[in-house]
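First up is the structure itself, then whatever we jot down about it.
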Amino acid sequence: MVIEVEKDAVVIGGGPSGLAAAVRLAELGYRVAVVESGDELGGILVQCIHDGFGTKFFGKALSGPEFASEFIGRLGELGVESWTHTYVARVRREGSSWVLAAVSPKGVFKFRCKAVVYATGCRERTPFEIRVGGTRPAGVYTAGLVQRLVNLYGILPGKRVLIVGGGDVGMIVARHLYLEGVEELLIVFPEPWFAGLPRNVQQCVLDFGIPFRPRTIVKEIVGKERVEGAILAKVDERWQPIKGTEEFYPCDAVVFSVGLVPNASQLEDMGAEIDPRTRGPVVNEYFETTLEGVFAVGNLLTPFDYVDDAVETAFIAAEGVSKYLSGEARREKPVPLRPGPSVRLLVPHRVEWVSGGDITLFLRPHVEKENPKISVKGGGVELYHVRRRYARPSLMERIELPRSLVESSPEGVVVDVE
């Protein structure tokens, strides 16, 4: 038996961005549903018990579960229906509607709607994606799994733990393991310094004296049934191992925190264009993909440093859904937004709607500079710029670009860090 549900919009993913999109759409008066494959709403925030979330939207530092509960409570107040344990297996176009086929322990569902908001977030990169050799014993984890084991179930991954990766999640996990009583910790990463936010370097690593080794990689994992250690090696500026620097490091667990990849495979299968830089979908200023009526929000676009920024994309996308459902006019020819040589990635990718407010841009610099200028140029002429005290690849930048400037450059604009 197929259970049919009809809504104005369906949000796929019940994490922070999906919840925020659903809340805003319901506040705008639309009939909306949230479909989540996991057993509860909240996404990754459920296992993030540290604070620091919500300073932008709620004016206070919340833990992950507290942040999620703000939106979950609001969904209840607005009467928004949600389905957990429900996996969207297929999305296809039927006339002017999108039809989602979903399965759950309760049966098969067919959701019919005018607009779809994808909020499926990211997945963690695995050891195999960074070509770590050796055996495949027990005791090899991703950082997200360790967060869940420690924070939700009270299970330590080991007593002597090697953490691979100098990003934010790896540093936060290192602090949690230190506070939970792990006997020995070491963080290794190939960069000359940590790749995460400076506040996490200080508060998670330096304040606790957790040892770390820059310019160091794991070449092999050693162990039969259980991890016994790892072969470490120093690397040069190109991250190539330096011969003769290999050493055996004894440990009983290896935790990989080596980046996130947007869960965009279903969108790609549907025909949405994917940006090779972000590995997420190509979107317009309201985060609509190249599939009309299909929007993408949060870490599906690109991994954000702050959940508040990811949630902001959901609010903007909700405005876009409203424009789409009300039939507002689009441009005959979208205006491209292109990253310059010193910008590693830029979201969104084009300006498509005729009317609207300022355009919110998110960019990640490719360089590290003091007192840089974020410049927006059209036809080689600078149209707009803002100054920053510092720019670094580990810090996502956000700027608001006046729409009128984009309209004056129909051939496109280039955003760069100078």
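First residue of the sequence shown: 10, per the numbering used here; consecutive thereafter.
Where a beta carbon is used, it is the ideal one built from N, C-alpha and C, also for glycine.
Just so you know, these numbers come straight off a predicted model, no measurement behind them.
*asked:* Quick check on this structure: which residue in Q156, Y39, Y295 has the alpha carbon closest to the alpha carbon of C459?
replied: Outside the modelled stretch of the chain, which goes from 10 to 427, sits residue 459, for which no answer is possible.
_Nearest residue (CA-CA) to R247, options E200, S266, I230_ = Position 238 of the sequence shown, counting from 1, holds the residue named residue 247. That would be E200, whose Cα lies nearest to the Cα of R247.
_I want to know whether the segment 25 to 33 touches the segment 292 to 307 - three or more CB-CB distances under 8 Å._
yes
_Suppose contacts are defined by Cβ-Cβ distances below 8 Å. Is T64 in contact with D314 by that definition?_
Here the question's residue 64 lines up with position 55 in the sequence shown. Here the question's residue 314 lines up with position 305 in the sequence shown. Cβ distance not < 8 Å, so T64 and D314 don't count as in contact.
*Three-state class that DSSP yields for T8 in the structure shown*: Any property of residue 8 remains undetermined from this structure, which presents the chain solely from 10 to 427.
*Give me the Cα-Cα distance between F257 and I226, rounded to the nearest whole angstrom.*
Residue numbering aside, residue 257 sits at position 248 when the sequence shown is read from its first letter. Residue numbering aside, residue 226 sits at position 217 when the sequence shown is read from its first letter. Using only the alpha carbons, I get a separation of about 12 Å.
*Collapsed DSSP secondary structure at E277 in the structure displayed*: Within the sequence shown, the letter at position 268 stands for residue 277. Here E277 sits in helix by DSSP.
_alpha helix (DSSP H) segment containing K332, residue limits_ = Taking the first residue of the sequence shown as 1, we reach residue 332 at position 323. From DSSP, the alpha helix (DSSP H) with K332 extends over 316 to 335.
*Under 8 Å between C-beta atoms, does V264 make it to chain B?*
Absence of chain B from the displayed structure is noted, only one protein chain being present.
_Start-to-end residues for the alpha helix (DSSP H) that takes in E261_ = Counting from one through the sequence shown, the residue named residue 261 turns up at place 252. Just to set this straight, residue 261 is Asp in the shown sequence, not Glu. Per DSSP, D261 belongs to no alpha helix (DSSP H) and is neither H nor E.
*Check the DSSP bridge columns for D425 and list the partner residues they point to.*
Working through the sequence shown from its first residue, we reach residue 425 at position 416. BP columns for D425 point to S384.
*So what does DSSP say about S351, is it helix, strand or coil?*
By 1-based counting over the sequence shown, the position of residue 351 is 342. Residue state, collapsed to three classes: coil.
*So, A323 versus A30, is the Cβ gap smaller than 8 Å?*
Looking up residue 323 in the sequence shown gives position 314. Looking up residue 30 in the sequence shown gives position 21. Result yes, Cβ atoms of A323 and A30 sit closer than 8 Å.
*Identify which residue in R134, T135, S46 has its Cα closest to the Cα of S91.*
Here residue 91 is taken as the residue at index 82 of the sequence shown, counted from 1. It is S46.
_Taking the alpha helix (DSSP H) that A338 belongs to, which residues open and close that run?_
In the sequence shown, counting from the first residue as 1, residue 338 sits at position 329. Run containing A338: none; DSSP gives neither H nor E here.
*Under the three-state reduction of DSSP, which class applies to N293: helix, strand or coil?*
The sequence position of residue 293 within the sequence shown is 284, counting from 1. The answer is strand: DSSP assigns N293 an E or B state.
*Pick from L87, R286, Q56: whose alpha carbon is nearest that of L372?*
Start at 1 with the first residue of the sequence shown, and residue 372 comes out as number 363. Answer by Cα proximity: R286.
_Distance between L54 and R321 (C-alpha atoms, nearest Å)_ = On the sequence shown, position 312 is the one that residue 321 refers to. On the sequence shown, position 45 is the one that residue 54 refers to. In the sequence on display, residue 321 carries Glu and not Arg. Spanning the two alpha carbons is a distance of roughly 16 Å.
*Quick one: what's C131 bridged to in DSSP?*
As a working note, residue 131 is residue 122 in the sequence shown. In the DSSP output, where bridge partners are listed per residue, C131 has P271.
*Out of Y96, I12, V125, P74, which has the shortest C-alpha to C-alpha gap to W3?*
In this structure the chain extends from 10 to 427, so residue 3 is not present and cannot be described.
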